[in-house]
RNA sequence: GGAGAGGUGGCCGAGUGGCCGAAGGCAGCGGUUUGCUAAACCGCCGUAGGGACAAAAUCUCUACCGAGGGUUCAAAUCCCUCCCUCUCCGCCA
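Numbering (the numbering used here), first residue to last: 259 to 688.
In structure tokens:
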């Protein structure tokens, strides 16, 4: 979301920087509506001033017990006129807002220009890709052979793109959640949050899922609630409509939540296994910072997500998304991709973004800078978030990277305390 | 779900049609006084949008007393709808 004044004054510039990202934005309508809004606003304010003055005059006359009928009639006419102009203003503003909410964020200058995923830029790699004597199995085979993943029953209970984990698989999922949360809270300084999993329309608009992407969301039938597609939504909205004190920043939160996505338009992609589900678990990192420190924070946050993979000894790489592959709300995004032996490729396991003031403007999240004694003007915070990590995909990576020739899976040593000391999952594990 | 009571500035709290962007208090900021601390006293102290000024300081206008409508020349105040909070009852993990 853009500041409407800034939008009006820099329309062409914004349009140029957005390039292909702004292809479906009706720029001419925006320009026209912006001008109309300004005109109507000025008119309403001027008429209101007249009305206020006139009403004061009426009050004065009546106190003085002088006749006021004429003044009252004049004000009545003026009031009707105001109602008229206000009506048009309201209409213009509604349309304008609706359009403005659908303009994507401006990419940061450091983001590579490109049209799709093929033009993303690799930043670094970590870890050693494991070698196998036999072809590595996909995780669903490993999991089903071990009796810890059950897609047939998940389909019966719910449908396609759902999973059931049992026994050591369920425990491994829980171990990963606890390990991630513990790491982020005790070593990285995040405050743990358990938020609502359903949110209202205003929250979804605040983080940018609405109004443009309603089709991607699960929505309740009888209430205007949506299932969260990521903890980013409720956690960022923790501070919606707030003015934070400057020295409370940065505020760092972590939350484990299930996430719900309709995956409309992804038919035929990743149809097997845990990679793409309607419901999955994720540990999320969310940060609120001052504008001058948000890019520093993006590096830090990405590092926190990476540290989980390093602890688990999982090989990964970090890429910078190009302008064409970035999400709607982001100014800059790093994806972290973990190595999946069965696919012989890196797959996304975390996405870390700086939204700059884009979400803060939508959600009205400000801070008051603390520059010495003087109270400074409020400004919008910058918001960031990143997966730290997608739990299901982490489990996939563990099954695939640590699979053994006998079909068992070794458990990374940092997780073993969370698994009651279990060192590997075998067919006989209860 | 039923019955009732409420939602006012960072907080507490007054305000039942005009002189109310809103008394008073607390907190905060600046100052005076003062061996230090404290106290006392004085001043400042909401957000947003527009205009004036080259710009800043500043001045000025408009809006905002949970949200949205309505009545009225005029609404924090009256009416309607919705949201939220609290109390009691019912149901419930």
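The beta carbon of each residue, even a glycine, is placed where N, CA and C say it ideally should be. All of these numbers come straight from a predicted model, not from anything done at the bench.
Alpha-carbon to alpha-carbon, residue j and residue i
i	j	result
residue 302	residue 615	30 Å
residue 496	residue 394	43 Å
residue 689	residue 676	Not covered by the structure: residue 689. The range shown for the chain is 259 to 688.
residue 482	residue 459	7 Å
residue 416	residue 542	25 Å
residue 553	residue 545	11 Å
residue 681	residue 409	25 Å
residue 654	residue 361	36 Å
residue 630	residue 622	Since pLDDT at residue 630 reaches only 46, below the 50 mark, its modelled position is unreliable, and no value is offered.
residue 298	residue 339	12 Å
residue 336	residue 348	18 Å
residue 557	residue 536	30 Å
residue 560	residue 540	15 Å
residue 317	residue 342	25 Å
residue 314	residue 308	10 Å
residue 363	residue 532	31 Å
residue 672	residue 569	7 Å
residue 585	residue 528	20 Å
residue 326	residue 300	29 Å
residue 263	residue 275	18 Å
residue 443	residue 551	21 Å
residue 670	residue 278	44 Å
residue 312	residue 461	42 Å
residue 513	residue 334	56 Å
residue 350	residue 397	54 Å
residue 488	residue 293	37 Å
residue 413	residue 534	14 Å
residue 468	residue 617	12 Å
residue 668	residue 430	11 Å
For residue j and residue i, believed in contact at Cβ under 8 Å, the rounded distance
i	j	result
residue 626	residue 636	5 Å
residue 359	residue 494	Wrong, their Cβ atoms sit about 16 Å apart, outside the cutoff.
residue 590	residue 369	5 Å
residue 648	residue 607	5 Å
residue 507	residue 547	6 Å
residue 511	residue 452	The pair is not a contact, with the Cβ atoms about 11 Å apart (cut-off 8 Å).
residue 384	residue 564	7 Å
residue 423	residue 434	Actually they are not in contact, since the Cβ atoms of residue 423 and residue 434 sit about 11 Å apart, beyond 8 Å.
residue 646	residue 566	6 Å
residue 401	residue 657	6 Å
residue 427	residue 685	So it is not a contact: roughly 12 Å between Cβ atoms.
Boundaries of the alpha helix (DSSP H) in which residue i is found, first to last residue
i	result
residue 553	552-569
residue 409	409-415
residue 516	No alpha helix (DSSP H) contains residue 516, which is instead part of the beta strand (DSSP E) from 509-518.
residue 276	269-276
residue 462	459-465
residue 312	285-321
residue 492	490-494
residue 418	No alpha helix (DSSP H) contains residue 418, which DSSP labels as neither H nor E.
residue 348	327-358
Host beta strand (DSSP E) of residue i (start-end)
i	result
residue 582	Counting along the chain, residue 582 falls outside any beta strand (DSSP E), and DSSP gives it neither H nor E.
residue 542	537-547
residue 593	590-598
residue 366	Element bounds for residue 366: n/a, residue is neither H nor E.
residue 451	449-451
Bridge-paired residues (DSSP) for residue i
i	result
residue 384	574
residue 477	484
residue 668	682
residue 641	546, 614
residue 623	500
residue 604	597
residue 661	667
residue 456	485
residue 423	407
residue 648	540
residue 713	With the chain covering 259 to 688 only, the question about residue 713 has no answer from this structure.
residue 379	578
The stretch 469-482 touching the stretch 515-534, judged by at least three CB pairs closer than 8 Å: yes
Looking at C-beta atoms only, is the number of pairs between the stretch 373-382 and the stretch 572-582 that lie closer than 8 Å three or more? yes
Can at least three beta-carbon pairs, one atom from the stretch 658-673 and one from the stretch 590-600, be found at a separation below 8 Å? yes
Stretch pair the stretch 349-357 + the stretch 274-290: three plus CB contacts closer than 8 Å: yes
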